[in-house]
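Report on one structure; see the data block that follows.
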Amino acid sequence: MTAYLIFVAAIAGIYALMAMGLATIWGQGGMVNLGLVGFFALGAYTSALTSAHGLPVVVAWLAGALLAGAVGVLLTLSTRRMRGDYLAIVSLGFAEVIRLVANNETWLTKGSDGISGIASPFAGALAEYANLLNMLMIWSVVSVVAWILTRLLRSPYGRALRAVRDDDIVAAVAGKRVLSYKKKTFFLGAAVTGLAGAIYAHLTSYIAPDGFVPLLTIYIFLAVTLGGYTRLKGAVIGAVAVVALLEGTRFVAELLPGVNAVQASAVREFVIAVALIAMMQCRSEGLLKERHDMANQKGEERDGGSANGAPHVASQ
Amino acid sequence: MFTDIIQQAVNGLMLGSVVALPALGLTLIFSVLGSINFSVAAQMTAGAYAGWMVNTYLGWPLVPCLIAAFVIAAGIGVAGDRIALAPLRKKASASTPLMVAVVSIALNLALENVFRFSFGNGLNSYNFEIARDIRIGDIRLGPQQFRNMVIALVITAGLAAFFNFTRIGKAMRGVADNPDLARLKGISPANLSTMATAIGMGLAGIGGALLAIDTSVDPLTGSRLLLVIFAAAVVGGLGSLGGAVAGALLVGLASELSLLAIPPVYQSGIAFVAIMLVLTVRPSGLFSAKTRV
């Protein structure tokens, strides 16, 4: 049971990384990335293949993150003239193409058999300790990434990014280079998602195309919506909640009478989907609301103060 | 080689004409409601199962199967839209259309799992007689595929007549062109949205049933073609109904002709490439005269 909980905690950390990647691209950057699982897979395969060539695991992770980020930039560039909903379709298609390649380019990915025996970062340690160390290491990575992203999003870059998200025409008029902000943001988010994939590959030491289904994207969207889609902290809390929900429903589905295995998994996925729909409807801003910037807050206080409870028109 | 090309082109036109129906539905819904509805895939599957049940349990012929496919898919489509998507659309903000798109994916997943729960993961085939291929020279035509193409063309023609000659059809086009102006003219966008959803989803249902008659039904029947349908709609301009048909035929042709050079597993990759190519050259699609914002 302890081993199971440790593994689940490790997976929650990986989901938390992906959720932070999505919160960056979607919540802060305002771009819908329906291809999360594609970047995750890209990171996983890159890292697995790099480390198979004898490079240290950490270098392999970085390779996975960088490649995913670079592909993210390419995707932003190729969709730069399109409307927002086209990016949604294109990124969805991108994830599908990655899965096709993983399934069919056997020379590179071993096809549907998958790649096994991926090096573990704690190969020397005893099995039970390796899992614990992995889990601790993953959560340390989560903390470091959260710290870096928070610093970035609080910097002038982050403020300009939110201006671009809220109204890119106004931001452009104010002299912000809109495309450059979008590129950087997509790079960051995709790289974090790729890093999550890379770590996942070394945690389970086995990857196959079946592990990279579009469902995973839905899970992360649910996590980010749950926690408040503009907030990194919310993304982490949401990811933990989603993993708890996923693992919890696994036990409940087994207890349902007269239901076979296929039906049990259908019930689980149905519950997840309905939870996402309900979340978006009831509380689309999630558990944590967006915190406003300093300048904004002062503005609100001033407005409130001058009106002194009376309507604006009356005070003028 | 030459007959190969002709053969693949014929196959492409037949695939394209079946894909045209859901692509039309998607475009119709998008142009009236202003947001993408990914759950067209689930409605294709719904139509395919509805037709299959009428065919295998009742033993009825093709036309009642297609009517059942239309009615069931339209019903589920409208219910899903009312329950899951309409409450979100009421929140007016710049990100609303994208939120609706994300939620429609969840809706698609929920429906897919209802089918999986009810019918299992296995393949179910319609119970129609398998006829011999028609041969014209060296070109082979599957009678079922050919019939599918004719049915799709008849429905498309009927739809064109509906939009051009009836009051409701014209009103729907009016709302698609300019919702505010339509409201000023006394057209209620709410009723028309429901009707557009019903017709759009019903078309997806017929498309799914035709596809399933040719192959088989399982919970992923529609989702597997989602990318191709989007490619058709996007290539057509996501707002023009004629464009959706032309886009579907083009994408059908492209994906079948690509088989001459690329392994068949990459067929949905071709749809993706088609989307990228067209949007890079014309960001608002091939057949759209204006950019809708």
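Protein chains in written order, with the numbering used here: chain A, 2 to 317; chain B, 28 to 320. Beta carbons are placed, not taken as given, at the ideal position from N, Cα and C, and that holds for glycine.
DSSP places R194 (chain B) outside any beta strand (DSSP E); the residue lies instead in the alpha helix (DSSP H), whose first and last residues are 194 to 204. Assignment of beta-bridge partners to V244 (chain B) by DSSP yields B:N151. For A128 (chain B), a Cβ of chain A is located within less than 9 Å of the residue's own Cβ. Taking 9 Å as the CB threshold, F144 (chain B) lines the interface with chain A. Minimum Cα-Cα distance from I99 (chain B) among the listed residues B:P170, B:G227, B:L219 corresponds to B:G227. Judged by DSSP secondary structure, R167 (chain B) falls outside any alpha helix (DSSP H) and instead within the beta strand (DSSP E) spanning 166 to 168.
DSSP places Y230 (chain A) in the coil class of the three-state scheme, outside both helix and strand.
Listed along the chain, the chain A residues whose CB falls inside 7 Å of the CB of L254 (chain B) are G94, E97. For G74 (chain B), the closest Cβ of chain A is not nearer than 9 Å. T218 (chain A) and V38 (chain A) do touch by the CB rule: their CB atoms are close to 5 Å apart, below 8 Å. Its Cα nearest to that of L233 (chain A), the residue A:G22 stands out among A:G22, A:G14, A:I278, A:D211.
Note that the C-beta distance between A236 (chain B) and G74 (chain B) is below 9 Å.
For S267 (chain B), the three-state secondary structure derived from DSSP is coil. Taking C-beta atoms as the reference points, A64 (chain A) and T80 (chain A) fail to come closer than 9 Å.
Around the beta carbon of L109 (chain A), fewer than 16 other beta carbons lie within 10 angstroms, which makes this residue exposed.
In the structure shown, R160 (chain A) adopts helical secondary structure according to DSSP, grouped into three states. Using a Cβ-Cβ distance cut-off of 8 Å, the segment 179 to 198 of chain A and the segment 68 to 82 of chain A are in contact, since at least three pairs of beta carbons, one from each stretch, lie closer than that value. DSSP places S58 (chain B) in the helix class (H, G or I) of the three-state scheme.
Apart from the 5 residues on each side of it in sequence, G14 (chain A) sits with its Cβ closer than 6 Å to the Cβ of I139, W140, V143 in its chain, given in chain order. Per DSSP, I110 (chain B) is not a residue of any alpha helix (DSSP H), being assigned neither H nor E. Under the three-state reduction of DSSP, S311 (chain B) is assigned to coil, being neither helix nor strand.
Note that the segment 39 to 47 of chain A does not touch the segment 262 to 271 of chain A; fewer than 3 beta-carbon pairs, one per stretch, sit closer than 8 Å. Using a Cβ distance threshold of 9 Å, P49 (chain B) and A231 (chain B) count as a contacting pair. Judged by DSSP in its simplified three-state form, R81 (chain A) adopts coil rather than helix or strand. If you draw a 10 Å sphere on the C-beta of V67 (chain B), you find 16 or more other C-beta atoms in it, and that means buried. The beta carbon of A298 (chain B) sits closer than 7 Å to the beta carbons of L254, V255, A258, V278, S282 from its chain, once the five residues preceding and following it are set aside; these are given in chain order.
Where I161 (chain B) is concerned, the enclosing beta strand (DSSP E) starts and stops at 161 to 163. In the displayed model, S181 (chain A) falls within a helix according to three-state DSSP.
If the five residues before and after I238 (chain A) are omitted, its C-beta is found closer than 8 Å to the C-beta atoms of L227, G228, L288, L289, all from its own chain and listed in chain order.
G296 (chain B) and M303 (chain B) have their C-alpha atoms roughly 11 Å apart. Per DSSP, V260 (chain A) lies in no alpha helix (DSSP H) segment and is marked neither H nor E. As a beta-bridge residue in DSSP terms, S117 (chain A) pairs with A:Y207. For M32 (chain A), no alpha helix (DSSP H) run applies, since DSSP gives it neither H nor E. Chain-ordered, the chain B residues with CB closer than 7 Å to the CB of S79 (chain A) read M303, T307. Taking a contact to require three or more Cβ pairs closer than 8 Å, the segment 70 to 88 of chain B and the segment 136 to 155 of chain B qualify as touching. For the segment 145 to 169 of chain B, the residues whose beta carbon sits under 8 Å from a beta carbon of chain A are, in order, G147, N148.
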